[in-house]
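Count along the sequence shown from 1, add 24, and you get the number used in our numbering.
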Amino acid sequence: MSADLLAVPAARRAAIASLAPHLVPGRRVALSTHLNADGDGCGSETALARMLTAQGLTPRIVNPTPWPEMFDFLLGDDVDDQTARGSKALRDVDLLIVLDISDVKRLGVLTEAVRALTVPKLVIDHHIDSDEPAGPIVVADTSACATAELVYDVAAVLGWPLNAAMARSLYTGMLTDTGGFRFSNTTPRCLAVAAQLLACGVDPEDMYTRIYASAPAGRVRLMADVLGTLQVDESVGLSWLSMGPDALDRHNVRAEDLDGIVEHARSIAGTRMALFFRDLGHGKVKVSFRSTGRTDVNAFARQFGGGGHAKAAGALITGSLGEVRDRVVDAARTLLAAQE
Ligand SMILES: [Mn+2]
């Protein structure tokens with residue numbers, strides 16, 4: 025493999041070097057990520073937790089929402105998840121590292137406690153922009169396929185060895201954030217890093233089975249319900265799905281079981297933007313935005329108070345399911361028609 029592919033970009037290397045003085049043995053470190061942690065959040069946290077432990081620090085995970093069951097396999101006796109203690113778990117730390125998040129508000133119930141923390145606050149992230157980053161010391165690089173790629177680089181730059189458990193965590197982040205190494209963020213470097221992780225002992229079929237082939241039956245039944253709501257406007261290349269507030273309970277599944285459902289709308293030929301409307305049942309609707317091609321759904325989602333990446337974004341919008349859907353679909357039709 026070309027060594028050039030694995031070289032850490034200069035700006036990224038310099039940003040990582042700025043973290044190093046804070047990573048002193050003996051320090052207690054809280055690691056946190058966004059609401060409803062995904063594979064990249066969970067993978068980046070568990071990899072970094074094990075790396076910090078190996079370097080003599082004492083990390084703990086403190087997330088705004090409980091650890092998702094589907095990523096239980098990344099935890100272990102050597103990872104301390106103190107999420108259940110809430111913001112109390114932030115009180116006696118020497119350092120906070122926030123992962124995979126562009127804005128402090130995505131820390132949900134922990135937001136105020138994190139704003140008030142006086143210990144050094146570090147951010148490692150690959151999202152586009154932020155009104156209020158969770159901390160002042162930032163490793164942010166949108167060219168990284170996942171935060172996990174940046175955590176890999178932290179280890180590379182600081183000369184920390186990787187073991188198989190760290191490699192599995194990092195692979196989980198990269199695999200899930202690239203949609204199984206299919207989205208446009210699947211760069212040559214992303215695959216070069218993934219190759220290194222396989223060389224560290226990751227079993228790709230085992231990872232596939234754990235992440236994509238371990239669904240409860242209710243998840244598949246829920247998907248059947250949601251796919252039944254599909255609407256397509258072929259004239260502008262817009263597809264959307266909807267879900268009522270009681271669907272999760274009816275199928276005895278959790279919000280994490282919805283991950284990737286919007287991809288079915290995006291998979292339709294000619295679709296340039298796909299939307300998923302989830303009625304949360306208290307006058308709020310969560311909208312997921314996906315795009316194919318040049319439509320920037322980060323900019324579009326920001327019109328509705330949301331944000332994310334150019335090709336994947338989200339927003340939480342006040343209103344009934346019908347109202348929100350009408351507003352967003354109308355705006356999307358206008359945007360797409362103007363781009364033709
Ligand atoms: Mn990510």
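Even for Gly, the Cβ is constructed at its ideal location relative to N, Cα and C.
- prompt: Looking at the structure shown, is Val162 part of a helix, part of a strand, or coil, going by DSSP?
  reply: Correct three-state label for Val162: strand.
- request: Provide the residue span of the alpha helix (DSSP H) that contains Arg10, from first to last.
  value: This structure leaves residue 10 out entirely; the chain is present only between 25 and 364.
- request: Output the distance between the C-alpha atoms of Glu136 and Gly110, rounded to the nearest integer angstrom.
  value: 12 Å
Of the residues Val53, His151, Val178, Gly252, the one placed nearest Asn209, counting alpha carbons only: His151
- request: Provide the residue span of the alpha helix (DSSP H) that contains Arg318, from first to last.
  value: Note, Arg318: premise wrong, no alpha helix (DSSP H); not H, not E.
field: Buried versus exposed call for Gln220 [16 or more other C-beta atoms within 10 Å across all chains shown]
entry: So Gln220 counts as buried.
message: Using the three-state DSSP reduction, which class does Asp370 fall into: helix, strand or coil?
response: For the chain, the structure presents residues 25 to 364; residue 370 sits outside this window and is missing.
query: Is Leu345 helix, strand or coil by DSSP?
result: Secondary structure at Leu345: helix, using DSSP grouped into helix, strand and coil.
Close beta carbons around Pro90, own chain, < 7 Å, minus the five adjacent residues each side: For Pro90, where only same-chain residues beyond five positions count, the Cβ hits under 7 Å are Thr107.
- prompt: Leaving out five residues before and five after Cys214 in sequence, what residues of the same chain have Cβ atoms less than 7 Å from its Cβ?
  reply: Cys169, Glu173, Met198, Thr202
- prompt: Would Arg318 pass as a contact of Leu360 if the rule is Cβ separation under 8 Å?
  reply: no
task: With distances taken Cα to Cα, identify the nearest neighbour of Leu119 among Thr142, Leu134, Val128.
output: Thr142
query: Using the C-alpha atoms, what's the distance from Ser167 back to Ala362?
result: About 28 Å.
task: Identify whether Ser193 lies in helix, strand or coil by the three-state DSSP scheme.
output: helix
Alpha-carbon to alpha-carbon, Met267 and Arg349: Straight-line Cα distance between these residues: approximately 11 Å.
message: Quick check: is any heavy atom of ligand 1 less than 7 Å from the C-beta of Ala170?
response: yes
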